[in-house]
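Reading through the structure tokens given below for one structure.
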Amino acid sequence: MGGFLVIGMASLILLPEGSIVAIFVAPNNETESLINDWLTANDIQATPIFPGRNWLRLNTTVGIENQAFDTQFSIFTQQETRQLTIRTLAYSVPATLKEHIELVHPTIAFPVLTQDASSFRVTPFNPTTVSPLVTNLNLISNAVPTSCNTVVTPACLQALYGLPASVPQQNVNQIDVGGFNNQFVQSADLKSFLSLLRTDINSNPNFSFVGVDGGTNSQSPAVAGGVPTTFVSLGTAGGIIGVFAVAETFLQANALPNVITGFFGINEADNPQSIATVICSVFMQFGPVESPSSLPLVTEVYPRVTSVGATTGISPETAATFSGGGFSNFFSFPSYQTSQVKSYLPRLGSTNTGNFNLLGRAYPDVSTQGQNILFFSGGIEVLGSSTAASIPIFVSAIAYINAHLAAAKLPPVGFLNPVLYHSPGAFNDIKKGSNPGCSTNGFPALAGWNPVTGVGTPNFASLKTIFGPT
0 MGGFLVIGMA SLILLPEGSI VAIFVAPNNE TESLINDWLT ANDIQATPIF
50 PGRNWLRLNT TVGIENQAFD TQFSIFTQQE TRQLTIRTLA YSVPATLKEH
100 IELVHPTIAF PVLTQDASSF RVTPFNPTTV SPLVTNLNLI SNAVPTSCNT
150 VVTPACLQAL YGLPASVPQQ NVNQIDVGGF NNQFVQSADL KSFLSLLRTD
200 INSNPNFSFV GVDGGTNSQS PAVAGGVPTT FVSLGTAGGI IGVFAVAETF
250 LQANALPNVI TGFFGINEAD NPQSIATVIC SVFMQFGPVE SPSSLPLVTE
300 VYPRVTSVGA TTGISPETAA TFSGGGFSNF FSFPSYQTSQ VKSYLPRLGS
350 TNTGNFNLLG RAYPDVSTQG QNILFFSGGI EVLGSSTAAS IPIFVSAIAY
400 INAHLAAAKL PPVGFLNPVL YHSPGAFNDI KKGSNPGCST NGFPALAGWN
450 PVTGVGTPNF ASLKTIFGPT
């Protein structure tokens, strides 16, 4: 059994150049020497994971780990799935190392059930019920076709948010998509999707593939209008193991992608805060990430992750009931959202009093359409409803902006959140709907920022103006 061992206190300073980040997160000489001596004395082989050398992958056996960590690893069975997991209930390290070791994993944190498939709701699509299906990619009208109320296509999104049909030609813009817990995308279905709904671009999937820890390319990702896309497959990896696997891939690359995205989250209630903090410190090292909105998730409540909620309908666009959202129990709200949260809470009144952390990091940050999104699955046209559908829409908007910036020889947008919260005019304010759950009616989507749809849905023309160039 292998483990993960941190050998220093990672800095929370983020600089754009990977080599500089490595300097800030690297352990000091005393920490590295003490831990290496201890590992050698216990016959444990260790390999640094990240360029900063602040995490080590251990190559050892259960017997040696039992002795080194003064514990007893055992095989546990998850009652519902019958999944077998090797864990322990407690462990310790020498007193001389306690100030130098932040976390050992996997040890006492147990894997949780894979997110239920019902979180991505799929319903059959009958083409005869929608006439005509909106596939025209050259819509020049402020009016969004009424059929977009029931079936959302790329053309609907272009009309609703002003997304362009193409991007300037450039070679430095890139999206990386992480596939966790057996998440894949289907190349045959993608081709069918593009052939029907994006006739303006090549229907043959064109993407790069990276397999990590046994990840395979049984399927392939959707394309954001010509922006180069890389699919990073983690196979069965999920949880903190998946986070480390994908982070290792990104941080060892020659250049980080402009946008990293994936439908992945770890509920705060399922893990101790120590793991949440470590996961977020890893994300800190590679910049902006897009994440779904649901129950409080470690990935999305981290202040440097952009959390995406879901909306539905067009006249008006309202909050989707499954959008989720709320407040973190682990992290305080960052300064960039202080005024928005303080404006929302008094208007909320006594609703849900005592059921959430008034001082917690609030989410989501933004939202896009997430209900009745038309796609192909197993060769059949279906409608999907989930924040997993919302994320790539917002990611595409940012990728388009990055493409325009790259064509103008300007740097990509970088960390989004502070700009998003200070640019209300760049978003369509969502004022109706709520996100019921946990035996409550949830939070209402009031004017301005709210914990259902964030600051709203994107207005591409306004966003492009804010980030430049015009």
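Counting in the numbering used here, the sequence shown runs from 0 upward without gaps. All C-beta atoms in this analysis are idealised placements derived from N, C-alpha and C, irrespective of residue type, glycine included. Keep in mind that this is a model prediction, so the values were computed, not measured.
- In summary, Q185 is buried, with 16 or more beta-carbon neighbours lying within 10 Å of its beta-carbon over all protein chains present.
- For Y362, the enclosing beta strand (DSSP E) begins and ends at G359 to Y362.
- Its Cα nearest to that of A40, the residue T59 stands out among P110, T452 and T59.
- In this structure, R197 is the residue among F109, K190, P417 and R197 with its C-alpha nearest to the C-alpha of P163.
- Contact between the region 358-372 and the region 326-338 is present: three or more C-beta pairs spanning the two stretches fall below 8 Å.
- Remark: three or more beta-carbon pairs, one from each stretch, lie closer than 8 Å, so the region 442-450 and the region 411-429 are flagged as touching.
- Look at F192 here: in three-state DSSP terms it is helix.
- The alpha carbon of W37 has as its nearest neighbour, out of R52, R346, S73 and T95, the alpha carbon of T95.
- Counting along the chain, A309 sits inside the beta strand (DSSP E) bounded by residues V304 to T311.
- Inter-residue distance for F329 and T320 is about 25 Å (C-alpha atoms, whole angstroms).
- Taking 8 Å as the cut-off, the Cβ atoms of F68 and R86 do not count as close.
- The beta carbon of A89 sits closer than 8 Å to the beta carbons of T70 and I107 from its chain, once the five residues preceding and following it are set aside; these are given in chain order.
- With contact defined as three or more Cβ pairs closer than 8 Å, the region 458-468 and the region 153-163 are in contact.
- With fewer than 16 other Cβ atoms inside 10 Å of its own Cβ, S32 counts as exposed.
- Counting only the Cα atoms, D188 lies some 15 Å from I200.
- Counted as a single uninterrupted DSSP element, the beta strand (DSSP E) harbouring P123 occupies residues R120 to P123.
- With contacts defined by Cβ atoms closer than 8 Å, P167 and H403 form a contacting pair.
- DSSP lists T456 as the beta-bridge partner residues of N427.
- Out of T350, N416, L347 and N203, the CA that lies nearest to the CA of V304 is found in N416.
- Membership of L156 in the alpha helix (DSSP H) is indicated by the continuous run P153 to Y160.
- Note on geometry: alpha-carbon atoms of R56 and F355 lie some 37 Å from one another.
- Burial check for I400: the Cβ neighbour count within 10 Å reaches 16 or more, so the residue is buried.
- For F374, the enclosing beta strand (DSSP E) stretches over residues I372 to S376.
- Residue range Q44 to P47 is occupied by the beta strand (DSSP E) that includes Q44, with no alpha helix (DSSP H) assigned at that position.
- A Cβ-Cβ distance of about 4 Å is found for the pair G369 and S389, placing them in contact under the 8 Å criterion.
- Its chain contains S422 and A425 as the residues whose beta carbon lies nearer than 6 Å to that of I465, once the 5 sequence neighbours on both sides are disregarded; these appear in chain order.
- Counting only the Cα atoms, T310 lies some 10 Å from S384.
- Secondary structure note for V381: its beta strand (DSSP E) is the uninterrupted segment I379 to S384.
- Here the alpha carbons of F124 and L409 stand approximately 43 Å from one another.
- Under DSSP, F326 shares a beta bridge with A361.
- In the DSSP assignment, the residues bridged to Q368 are T310.
- Looking at Q44, I379, G413 and G312, the one whose alpha-carbon comes closest to that of V143 is G312.
- Scanning its chain for C-beta atoms nearer than 7 Å, with the 5 sequence neighbours on each side dropped, one finds around L156 the residues L162, Q368 and I392, in chain order.
- S366 sits close to I429, with the two beta carbons spaced by under 8 Å.
- Of the candidates P105, A387 and G325, P105 places its Cα closest to the Cα of V61.
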